[in-house]
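Protein chains in written order, with the numbering used here: chain A, 1 to 109; chain B, 1 to 115. We treat Cβ as the ideally placed atom computed from N, Cα and C, and that holds for glycine.
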């Protein structure tokens with residue numbers, strides 16, 4: 001199963017873009033990259049996923065490098081409510097989601 | 001659509017007692033997951049069902065943990081007997097069947113404290 005590497009913590013000013021990096025150098029050709037976040041005392045919340053192309057939805061944008069070895073989640077205008085732990089996951093061939101330790105994002109007023 | 005429902009939200013038991021958690025997935029979701037999340041760590045997969053069959057239970061401590069998903073809908077996770085190290089949040093998630101291009105949705109979890 002492909003593993004991911006994320007920085008343990010990041011700060012971002014409110015209203016600015018938050019760019020959360022993730023390395024997944026052992027990803028296989030048909031494995032998707034998923035992003036979830038977990039706000040304190042809640043279950044993980046789905047954000048976005050992608051295979052090769054960049055993806056955008058109402059919550060965020062996902063930029064995947066051409067070699068697919070890394071990706072960046074972009075929250076375009078971070079708010080205090082975006083303070084959470086963000087998990088980058090490469091979905092395994094048995095379709096399970098393997099979580100790492102994630103990045104703790106703190107949005108500062 | 002309704003989300004993944006879990007109960008109870010909180011449970012406190014003494015060690016060596018037994019406990020059960022219940023999960024009702026989103027309607028139509030054939031795949032169901034149980035995760036254990038210890039404080040300060042990411043969720044760890046315990047067991048994965050597709051319909052009522054087990055896909056992966058390699059991380060389930062089978063000497064004390066059991067899970068079932070009768071009729072391919074609701075699921076229960078049981079611990080018997082509980083140990084102090086079982087204190088954690090137990091998360092249930094569900095997803096449609098559709099390969100790797102389908103997202104999973106998580107419930108709020110059950111926080112278990114073993115004293």
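Asked: Simplified DSSP state of residue 55(A), which is helix, strand or coil; Found: strand
Asked: Buried versus exposed, by CB contacts within 10 Å (16 or more), residue 58(B); Found: exposed
Asked: Reference residue 41(A); option with closest CA among 58(A), 57(A), 26(A) and 84(A); Found: 84(A)
Asked: Check whether residue 87(B) and residue 114(B) have beta carbons under 7 Å apart; Found: yes
Asked: Proximal residues, the region 46-57 of chain A versus chain B, C-beta separation under 8 Å; Found: 46, 49 and 51
Asked: Residue 100(A) in three-state terms, based on DSSP; Found: coil
Asked: Partners in chain A for residue 52(B), counting only beta-carbon separations shorter than 8 Å; Found: Near residue 52(B) there are no residues of chain A at all, since even the closest Cβ is about 17 Å away, more than 8 Å.
Asked: CB of residue 97(B) within 7 Å of CB of residue 30(B), strictly; Found: yes
Asked: Residue 167(B) in three-state terms, based on DSSP; Found: Outside the shown range of chain B, which is 1 to 115, sits residue 167(B), and nothing can be said about it.
Asked: Nearest-angstrom Cα separation, counted from residue 6(B) out to residue 105(B); Found: 12 Å
Asked: C-beta neighbour in chain A for residue 28(B), strict 7 Å; Found: no
Asked: Short CB-CB distance (under 7 Å) between residue 61(B) and chain A; Found: no
Asked: Straight-line Cα distance separating residue 83(B) from residue 45(A); Found: 29 Å
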